Amino acid sequence: MTIADSIPIWLDCDPGNDDAFAILLALFHPKFDLLGISTVYGNAPNSSTTHNALGLLDVLGSEQDQIKVYSGENKPLVKPVKFAPEIHGPTGIGGAKLPKTPRIQESKDQTYLQAMRSAILEHAGRICVICTGTLTNMAILIETYPEVKSKIRFVSIMGGALNRGNATKYAEFNVHCDPLAASKVLNDEELSGKTILAGLNITHKAVATMEVRKNIYDVTNPKKDSSIRKLFYDIAMFYAESYRVQHNITLGPPVHDPLA
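First residue of the sequence shown: 0, per numbering that gives the first Met the number 0; consecutive thereafter.
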């Protein structure tokens, strides 16, 4: 497959245990051409989610500016900010030993909004914007640069729920963090026909069972597997324990974000 055959994507995320798997997929799947990453608060403060994105790219072998990372918003449009340390740990990626000072540095040649706009216009009609965190960045983007809406092929969002939430009885975490931003994106007439939602009713079917985790890393033969496999195994194990304690889910954690 050539670059011309691949799908250009922009990843807007809040790493995040499950975001780590989304970054892995976006970076290495042959069908995707990852143009850039913007970070947002959510699973952890924006300073942490940005550091986590940079650290993950570092350990995955990316080079500076190969995939640029832009820091986005650090709070919702209106409501007080909310994080999820009980699920993702205090750093946002519990269980992961990421570099304290990643080789990859945050890109500051332009703002995240300018970077997203440039990528969308350059790949007009083909680009898909993937949102796996709160929708604050996306809401501000389409309000600041409304011309990008007609150029986006799809907006794929991990968010929402049918019947049961995970932040409240009915609300899913990403939407609950900034419901106004979610409303602006989901109710936009120009985007509504090309918006894809991966809600909890879908993502809770993608479970990292113990068998899945063992396939990531063989603890009985650690020399056989790489340090990267060990990293993602540790992330998955921490995530599994969080879901067991917080939600009484014992089969394994749902790996939400890669489904977007």
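Note that CB positions come from ideal geometry on N, CA and C, so glycine has one too. Since we're looking at a predicted model, the values are computed, not measured.
Neighbourhood of residue i by C-beta, 7 angstroms cutoff - its chain only, sequence neighbours within 5 removed
| i | result |
| --- | --- |
| L33 | I8, L10, A25, L26, I66 |
| H87 | G15, N16, N42, A43, G93 |
Classification of residue i by the beta-carbon crowding that lies within 10 angstroms, buried from 16 upward
| i | result |
| --- | --- |
| P79 | exposed |
| I195 | exposed |
| T202 | buried |
| E85 | exposed |
| P252 | buried |
| P221 | exposed |
| T48 | buried |
| H246 | exposed |
| L161 | exposed |
| P257 | buried |
| P177 | The sequence shown places Asp at residue 177, rather than the Pro named in the question. Answer is buried; the Cβ neighbour count reaches 16. |
| G192 | exposed |
| M209 | exposed |
Bridge partner(s) assigned by DSSP for residue i
| i | result |
| --- | --- |
| G35 | W9, K67 |
| P253 | V206 |
| M115 | Answer by DSSP bridge pairing: none, since M115 is not bridged. |
| F172 | Note: F172 sits in no beta bridge, so no partner. |
Beta-carbon gap between residue i and residue j smaller than 8 angstroms
| i | j | result |
| --- | --- | --- |
| N16 | Y238 | yes |
| R102 | D57 | yes |
| E189 | S225 | no |
| L76 | A180 | yes |
| S155 | I129 | yes |
| N51 | G91 | yes |
| Y144 | S37 | no |
| T131 | A205 | no |
| Y40 | T133 | yes |
| L185 | R163 | no |
| D4 | C12 | no |
| A197 | A138 | no |
| I227 | L59 | yes |
| M157 | H255 | yes |
Per-residue DSSP class, three states only, for residue i
| i | result |
| --- | --- |
| V77 | coil |
| F82 | coil |
| I234 | helix |
| A21 | helix |
| V184 | helix |
| V211 | helix |
| L179 | helix |
| S155 | strand |
| T133 | coil |
| A197 | strand |
| V244 | helix |
| G58 | With the sequence shown as reference, residue 58 is identified as Val, and Gly is not the correct amino acid for it. If DSSP states are grouped into helix, strand and coil, V58 belongs with the helices. |
| V128 | strand |
| A52 | helix |
| T100 | coil |
| N45 | helix |
| V147 | helix |
| A259 | coil |
| L161 | coil |
| N16 | helix |
| E72 | coil |
Own chain partners of residue i with C-beta closer than 8 angstroms, once the 5 adjacent residues on each side are dropped
| i | result |
| --- | --- |
| V147 | M115, R116, I119, L120, L140, I141 |
| R212 | Y232, A235, M236, A239, G251 |
| R125 | I6, P7, R152 |
Residue i Cβ short of 7 angstroms to the ligand COA heavy atom set
| i | result |
| --- | --- |
| D17 | Of the ligands one can find in the structure shown there are none, so the ligand COA has no counterpart to examine. |
Cβ neighbours of residue i in the same chain (closer than 6 angstroms, five flanking residues each side left out)
| i | result |
| --- | --- |
| K81 | C176 |
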